[in-house]
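Shown next, in C-alpha cells, is the structure this report addresses.
Protein chains: 2
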Amino acid sequence: MSIENAYYTHEFHGDFELVGIGRLELEEGGVIDDCQLAIATFGTLNDAKDNAIVVPTWYSGTHQIWRDAYIGSDHALNPDEWFIVSINQIGNGLSTSPHNAPDAISMSKFPDVRIGDDVVAQERLMREHFGVERLALVVGGSMGAQQTYEWAVRFPDQVARAAPIAGTAHNTPHDFLFTRTLMETITCDPGWSDGEYKSSDDVVAGLERHARMWGVMGFSTEFWKQEVWRALDFDSMEAFLEGFLQPYFTAMDPNDLLTMAWKWQRGDVARHTDGDLAAALGRITAKTFVMPIDEDMFFPVRDCAAEQALIAGSELRVVEDVLGHLGLFAVSPDYMPQIDRHLGELLAADG
Amino acid sequence: MSIENAYYTHEFHGDFELVGIGRLELEEGGVIDDCQLAIATFGTLNDAKDNAIVVPTWYSGTHQIWRDAYIGSDHALNPDEWFIVSINQIGNGLSTSPHNAPDAISMSKFPDVRIGDDVVAQERLMREHFGVERLALVVGGSMGAQQTYEWAVRFPDQVARAAPIAGTAHNTPHDFLFTRTLMETITCDPGWSDGEYKSSDDVVAGLERHARMWGVMGFSTEFWKQEVWRALDFDSMEAFLEGFLQPYFTAMDPNDLLTMAWKWQRGDVARHTDGDLAAALGRITAKTFVMPIDEDMFFPVRDCAAEQALIAGSELRVVEDVLGHLGLFAVSPDYMPQIDRHLGELLAADG
C-alpha cells in the first residue's frame, strides 16, 4: 500500500504536472501499467517544434533544483527562447515511485527500473504529449547525465545536442560499489522492514547515515578542509550535516531512493551494442559537451574524458568547483556562470 | 568480560612478544593499569643503541604486514643493519585492546585512547625496556603516519628521521567524516549490542559493510576500473570483496576497530601548540620524508604536501600506486621498490 510523504507535494515542489504515458514494459520484465511522469515546463514550444529541451533529474533530485538554479531568462536555459521540459525520473517520488504506486507494485513490490526505461518513457511523452520528434538539447547531471547519454545513443536522430554533466555513459565499478554502500545505510536499518515500513520516519537513522555517506563522497576533501559550508551560513561541520545534508535526505522515501540507486548502479549505454562502449558512443550524432566537475570524487574527470574521446565531434568541458559532485546544487557563485557559458556555446552550435 | 578471538593469536600473527609498560594514564582521563604492548623485533640493537627503528601500525593492521612485506635483508628496513621494533598500537587486538582487556576496562568499558597515548607508551617501551634514547627512524603508514608525526613533534630530540607514509599530522575533517561512516557500519548492527556482543560473529553483517566501505575509499576509482584485483587471482569484483576484503575485516574485533577509529579521527599534533599546526610541525628536527600515495582517496597528496611544506628540511616523496591508500598492503610490484628507494635515501641521510 502506498504511503503519504509530505515532501513529494506541490507545497515543497511548486508547480508540476502529472502526465500519464500509459503502460510501460520494463527492461527487467516488470510492468508499470499506468506510468505517470511528473513534469515541469518552462517557455513555449514554437510552431516548428524544434526548440524543446529535455532535462532529466538526478538521484534524489527533482525538477525543483533545475527550476530554481539553472533555468531562467538570465541563464542559457532561457525559457524566452527554449521550451524546457524537466522530467522527473521514475522512482524519484514525484513520478511513479514505490511510495506512491498502486498497491500491486507499491513499496517492496516496485519493479526494477533501468535508465533505458526512463528514456523510453520520456521519448514517448515528448512525442505523444507534445508532438516533439527531435530535441534541441538533452542536459542532465549525474543520473541525469546517464539519461542524457541514453537518449543520445538510443535515439540518435532525435537529439541535436547533449550535455551530460558530472556523470558517465557506462557506470563504473567504483560507482557501483559506492552506491551499494549508500543502499546499505538504509537496508541495514531494522526500521526499513524489507521495504514495508509504515512511514519513512521509521527509517530516519538509516536516512541520516545515508546523508553522511553523501558527505564523504558527494563533496570533495577540499570542500571540508576549506570549510566551504561556512558560505552556506553554518558554523560547524556538524551543524552543516544536521542542518543541510541530513534533513535533505530524511525527508525522502527510502524505497524511492533504493529504486533510483539500483538504476544508477546499472546505467550503461553499451547494453545497446553487446557491451561495446565505443560502438555505443559511436552512435551518437548529437553535438556533445561532456562536462565533468574537476573535484568530483566518484565521477572523476578521467572517467568522463575517456568516454568523451569516443564521441565524434564532442568536447570536454571541465567545470571547476571545489564542492565536487554536489557542485550540481549550484551553490558556488562560480558554478552557474561556467554552466551557462558551456550550454550557451552548445546551444549556439549546429546540432 | 574479555572475549576470545582466534585472529589475534600467534597462529595468525607469528612471533610477537607482550611487554608490559605499566600504568598508562590517558589524555582523555582514563587509565590502563597494566598496558601491554605487543611488539615484534627484527635485527640486533648495537652497543651504541643508535640503530633502532620504530614502526607503529595502522588501522586494522599489525606488525604482520611490516614483517612480511617491508622488513628484510632485501629492503631498506634491513635487520642486518637496523634494530627494528614494530609496535602494535593500543586497541589493535594484539596490544591491550577492548576485546582482551581486564574486565574493568573490557569491551564497551574500554577508555578512549589517543595517538599521543600510544606514542607515550612507545617511548617508555623503547627507553625503559630497550634503553634506547634516540631513534634512527620512525616510519609508519596511515595511522602509523599519525604516530610517526606525533613522535617527531612530541619528542623532537629523540627522533633522527621520520617517514610518515599515506597519513597526516592533523586529521582532516573529510577523514573524520569518512571514519564516522566506517564506525557506523558497525554500530548500526543490532548484533553490536552497544559493544557487549558475545562474539564478533554477532556483528558479521556490520563488519562486512565495513569492508565494503573500505572498498569505496581504500582503493582508487582506477583500481576498480582497471580490475587490478585480477592480479590477486580473483575473477570478479564480487569475488574479490568476498574473498579478500570481507574476510580481512570479519576476522577482527568490532570494539577494537572502533577504538582505533576514534583515535584516528582525532589525530592532531597541533594539540601540543594550542591548535597551531605550523608551530607544531616547526618543532620537528627529524629529517623527514613525507610520502603520500598519489591515488589515495582520503589522504590526498595535497593534504600531505601542505603539511610537508611546514617541516624544515623535509622532502615530499610521492609514491605512485593505482591501488590508492591500500597500496600500503604492498601488493603492487612497483610499490616496495619505491618505498625502499625513499627509505634507503632517508636512512643514508644525516639524521
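Listed in order, the protein sequences are those of chains C and F. According to the working numbering, the first sequence is numbered sequentially starting from 5. According to the working numbering, the second sequence is numbered sequentially starting from 5. We put the CB at the ideal spot given by N, CA and C, even for glycine. Fair warning: this is a prediction, and the values are worked out from it, not measured in the lab.
Three-state class that DSSP yields for residue 267 (chain F) in the structure shown: helix
Within the 8 angstroms Cβ cut-off, does residue 178 (chain F) reach chain C? yes
For residue 251 (chain F) and residue 241 (chain F), what's the separation of their Cα atoms in angstroms? 14 angstroms
Would you check if there are 3 or more beta carbon pairs closer than 8 angstroms linking the region 196-214 of chain F to the region 145-157 of chain C? no
Length of the line joining the Cα atoms of residue 113 (chain C) and residue 43 (chain C): 24 angstroms
Identity of the residue in C:297, C:276, C:294 and C:293 nearest residue 287 (chain C) by Cα: C:276
Looking only at its chain, what residues have a beta carbon closer than 8 angstroms to the beta carbon of residue 335 (chain F), apart from the 5 residues adjacent to it on each side? 235, 236 and 327
Going by DSSP in three states, residue 112 (chain F) sits in which element: helix, strand or coil? helix
By DSSP's criteria, residue 310 (chain C) is part of a beta bridge. Which residues make up the other side? The partner list for residue 310 (chain C) (beta bridge, DSSP) is empty, contrary to what the question assumes.
Give, in chain order, every residue of the region 180-191 of chain F whose Cβ lies closer than 7 angstroms to some Cβ of chain C. 181, 182, 184, 185 and 188
Rounded to whole angstroms, what's the CA-CA distance from residue 135 (chain C) to residue 125 (chain C)? Just pull it up for me. 14 angstroms
Closest by C-alpha distance to residue 154 (chain C), when choosing among C:329, C:28, C:228 and C:285: C:285
Pick out the complete alpha helix (DSSP H) segments inside the region 232-281 of chain C, 4 residues or longer, and give them in chain order. 241-244, 250-254 and 258-269
Could you name the residues of the same chain whose beta carbon sits closer than 7 angstroms to that of residue 75 (chain F), not counting the 5 residues immediately before and after it, in chain order? 46, 81, 83 and 88
Could you tell me whether any Cβ in chain F is nearer than 8 angstroms to the Cβ of residue 220 (chain C)? yes
Please confirm whether residue 225 (chain C) has its beta-carbon closer than 8 angstroms to some beta-carbon of chain F. yes
Do we get a CB-CB distance below 8 angstroms when we pair residue 241 (chain C) with the residues of chain F? yes
Does residue 296 (chain F) get closer than 8 angstroms to chain C when you measure Cβ to Cβ? no
Alpha carbon to alpha carbon, how far is residue 325 (chain C) from residue 1 (chain C)? Give it in angstroms, no decimals. Here chain C comprises residues numbered 5 to 355, so residue 1 (chain C) is not present and cannot be evaluated.
If contacts are defined as beta-carbon pairs under 8 angstroms, then residue 273 (chain F) and residue 157 (chain F) qualify, I think. What distance do you get, rounded to the angstrom? 4 angstroms
Could you check whether the Cβ of residue 147 (chain F) sits closer than 8 angstroms to any Cβ belonging to chain C? no
Given 8 angstroms as the limit, is there contact between the region 46-62 of chain F and the region 90-99 of chain F, that is, 3 or more CB pairs closer than that? yes
Against residue 304 (chain F), what residues of chain B qualify as contacts under a CB-to-CB distance less than 8 angstroms, listed in chain order? The chain inventory of the structure shown lacks chain B, comprising the protein chains C and F.
Element boundaries [beta strand (DSSP E), containing residue 16 (chain F)]: Run containing residue 16 (chain F): none in the beta strand (DSSP E); it sits in the alpha helix (DSSP H), 14-17.
So who's on the other strand from residue 224 (chain F), going by DSSP bridges? BP columns for residue 224 (chain F) are empty, so no partner.
Helix, strand or coil for residue 95 (chain F) per DSSP? coil
DSSP-derived helix/strand/coil call for residue 337 (chain F): coil
For a quick check, are the C-beta atoms of residue 329 (chain C) and residue 297 (chain C) less than 8 angstroms apart? yes
Going by C-alpha distance, which of F:189, F:218, F:299 and F:160 is nearest residue 139 (chain F)? F:160
By the criterion of Cβ-Cβ separation under 8 angstroms, what are the contact partners of residue 202 (chain F) in chain C? Those do not exist, as residue 202 (chain F) stays about 19 angstroms from chain C at its closest Cβ, beyond 8 angstroms.
Can you pull out the residues from the region 63-95 of chain F whose beta carbon lies closer than 7 angstroms to at least one beta carbon of chain C? none
Whose CA, out of F:167, F:109, F:12 and F:39, lies closest to the CA of residue 355 (chain F)? F:167
From the DSSP secondary-structure annotation, give me the bridge partner or partners of residue 168 (chain C). C:144
Once DSSP output is grouped into helix, strand and coil, what is the label at residue 85 (chain C)? coil
I'd like to know if residue 196 (chain F) contacts chain C, where contact means its C-beta is closer than 8 angstroms to some C-beta of that chain. no
How would you write the range of the beta strand (DSSP E) that residue 56 (chain F) sits in, first residue to last? 56-60
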